[in-house]
Each structure stands twice: as structure tokens, then as C-alpha cells.
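The letter at position 208 of the sequence shown is residue 661 when you use this note's numbering, and the numbering goes up by one with no holes.
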Amino acid sequence: MNGDPLTQEQTITFQKAAKSGDFVDRLLGVLLHTGLTATEFTHMHDNWLDPLPESIEACEDTVPIIRIPSEATCRKLKLGVNLEIHQRTGRCGYCKDIGYEKWFPGQPDSDCRVRNVPVPDEDTARTLYWWFSRYSSTPISVNSLKNRLSKLAERAGLGRNITPRDMRATYGTNLVRMEFSSREVAELMGLSTHLLTREFFEAAGRPVDWPENKSDSTILAAIAENEPVIKTEIGGLVGIHKSAGTKRASDLIDRGLVVKVGERQGKVERLTTYGVNPEMLEEEGFDELVDRCSSDGEKSYE
Ligand SMILES: [Zn+2]
């Protein structure tokens, strides 16, 4: 998805700025808590909300849900230069460009789908109901959404730009920070597979929650070929996330298959370096690896 998520600190700064802005800024804040794509957000209608705006009073304690439908009419409103709301006719630029008669959430191979997005954040729910009890659709185009986000980032003093994709990536990363599983995140975001959540786990600094399919012998072979190595290098050697590599290394160290071989000066401290333990490899049945280690010219165990 190529979004660059906000850090937790930036998320708070952004939220404050969105809340203290005009109604468009407040609506933009909704993106943080829903992960809607730019075209979903700009094509959102009052009837996507469950409960519907007219019955929200009767459902006080429920968490509202945004039900993204399989198709919708194009947005019906536009913003004037002084933020006045106008009716619009015909299709928006996005739908016209892409040739949609009606808007629908993504092409068949797209990573955004028909889905239900709960809105547990009360401020966000309040903003949505405040808007959609007055108007039937959002009033801005994809382009003005991008522009307004950039301006909001500037006003908030974030020191970086924000795009709709960044907002969506922030939503995904925050879900991982809140301990949602990869499958739950994929479902909430309408991703076709939980494997697409990897970037959120990486941004949150957490190992992915699915098996990475790297066998012990693959990891041991990589260590044997590159030793001495430090724990945090091991993930990179086999193409898995750094923290996942460190975790696997700790496991191999616990089992005695990998042992301390020395130290290396890091940026700030001395780091322990590791290599494989041929004796234990043999004992645990990694015979092929033992052969490889001993045929390696640099290593001899006479
Ligand atoms: Zn449209």
C-alpha cells in the first residue's frame, strides 16, 4: 500500500489539529479511526452508517459501524471557495476518469473491499453523525482531500506531509499496536490477505503473527555462513523481519545450537556475536550442516 504511517506522537498531534480545525478538518480526522481509502471516504453516504443517523439517539451505547457497500452513487455535494456546500450533478472527476457509472469499492484485484468498519472512537462517531445527520454525502473530492490533508499536516507542525494512504497505514499500524491480529486487521481494512499487513507490523516494531516458513536449518545455515553475527542481523540474512529473526535466534541459543563466539563494538555498546555449535548440530540431527561447516576452509576442528 506504500503508506508511511504516523508515529504515535504524530498521531496525537494530528488529531488535536484536526479537532481544532473547521468541519473539513474534523471530517479528515475520521480517516485515522476508520482506515477508509480516499475514494471510500469521498463517496461515503449517510446510509452507510449503522445505526442510520436518524436513529442514533435510540442506540446510545452501541459502537456504530460503517458498512461499505458494493456500489454507491457518486458524491452529491461539493465545497465552495468559502466552504459553502453546493449540490453537484454528474459524476465526480474520479468516477469519470475511471469510467464508473456508479462508484464501487475497488476493482476485483484491488485491496479494498466491501466490509464493515466499527467506529469505537467516540469523537469520530460523533463527528460522523454530526455531519451525516445534516448532509447525505461527504463534500470533498479526492484531490481536495489530498490538499486539505497536506495543509492540515502543515498547520499541525508535523514536519512531514500526509497522504490518504499514510492515514490508512496509520490506522493499520495502530490496530497492530492495539494487539489486533493480522487477520483481524486484514478484515477491518478489506485486504485480500493478512500477508499484506506486514508493513504495519514492521512500522509498529513487532514481529508478524504468522509462521514465516523459515526452517531451523535455513537459519542455522545462514548463521554458519556469516558468523560471527549479532542477533539483530539474523532476520536480514534469511529475509524475515529483524525482531522475528532475533526471536528465532534466541530460541536456537536456548537449544544450544547457536552459541556465543565473541564480541563486537556496536554504535554505543559491546555486542555479543554468535555462531553455530557443531557438536549440538550433530546431536540434533543437522548432519548436512555439520558437513558444510567442516568443509568450510576457515573452520577446522582438529
Ligand atoms: Zn464519484
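Glycine included, C-beta positions come from ideal geometry on N, C-alpha and C.
Could you check if residue i is buried or exposed, using at least 16 other CB atoms within 10 Å of its CB as the buried criterion?
i: S523; result: exposed
i: E493; result: buried
i: T487; result: buried
i: S603; result: exposed
i: C527; result: buried
i: C643; result: Cys is not the amino acid found at residue 643; the sequence shown has Gly there. It counts as buried.
i: R613; result: exposed
i: R621; result: buried
i: Y754; result: For Y754, the predicted structure reports a pLDDT of 44, less than 50, and the residue's modelled location is therefore unreliable. The matter cannot be settled from this model.
i: G750; result: With a pLDDT of only 48 at G750, under 50, the local geometry of the prediction cannot be trusted, and no value is derived from it.
i: C545; result: buried
i: L658; result: Per the sequence shown, residue 658 should be read as Gly rather than Leu. Classification of G658: exposed, given that the 10 Å Cβ count is below 16.
i: V516; result: exposed
i: P664; result: exposed
i: V534; result: exposed
i: L536; result: exposed
i: T495; result: buried
i: I551; result: exposed
i: D707; result: exposed
Is the separation between the beta-carbon of residue i and that of residue j shorter than 7 Å?
i: S634; j: D662; result: yes
i: R541; j: K531; result: yes
i: R520; j: N569; result: yes
i: L598; j: A470; result: no
i: P592; j: I518; result: no
i: A656; j: T616; result: no
i: K684; j: A702; result: yes
i: F585; j: L705; result: no
i: E680; j: G610; result: no
i: A697; j: P660; result: yes
Among the options, which residue has its Cα nearest to the Cα of residue i?
i: T699; options: V691, G709, I687 and L710; result: I687
i: S576; options: L605, L484, W556 and R651; result: Here residue 576 turns out to be Asp, not Ser, going by the sequence shown. Nearest C-alpha to D576: L484.
i: G543; options: V567, G728, L641 and K555; result: K555
i: K624; options: R745, A606, P504 and T650; result: Going by the sequence as given, residue 624 is Tyr instead of Lys. Y624 has its Cα closest to that of T650, out of R745, A606, P504 and T650.
i: P573; options: F585, D514 and N535; result: D514
i: R587; options: N500, E722, N730 and D740; result: N500
i: S645; options: R566, M631, R608 and P664; result: R566
i: V682; options: T466, L734 and Q718; result: Q718
i: S590; options: V534, V691 and K529; result: K529
i: G456; options: E722, E652 and K667; result: E652
i: G474; options: R601, I672, T495 and T464; result: R601
i: P458; options: A525, E737 and R630; result: R630
Since I believe residue j is in contact with residue i (beta carbons under 8 Å), could you give me their beta-carbon distance rounded to a whole number of angstroms?
i: Y547; j: V595; result: 5 Å
i: V638; j: L628; result: 5 Å
i: L724; j: E732; result: Actually they are not in contact, since the Cβ atoms of L724 and E732 sit about 24 Å apart, beyond 8 Å.
Should residue i be listed as close to ligand 3, given that the test is whether its C-beta is under 6 Å from any heavy atom?
i: W556; result: As presented, the structure is devoid of ligand 3, carrying ligand 1 as its sole ligands.
Are any of the Cβ atoms in chain D nearer than 7 Å to that of residue i?
i: P571; result: Reference to chain D is not applicable here, since this structure consists of a single protein chain.
Practice task
Spell out a yes or no on whether the segment 579-586 and the segment 466-485 are touching, meaning 3 or more CB-CB pairs, one atom from each, closer than 8 Å.
Solution key: Three or more Cβ pairs drawn from the segment 579-586 and the segment 466-485 lie within less than 8 Å of each other, which places the two stretches in contact.
Exercise for the section: Indicate whether the contact test is met: 3 or more Cβ pairs, each with one atom in the segment 667-682 and one in the segment 709-716, closer than 8 Å. Expected result: In the pairwise beta carbon analysis, the segment 667-682 is classified as touching the segment 709-716: at least three pairs are separated by under 8 Å.
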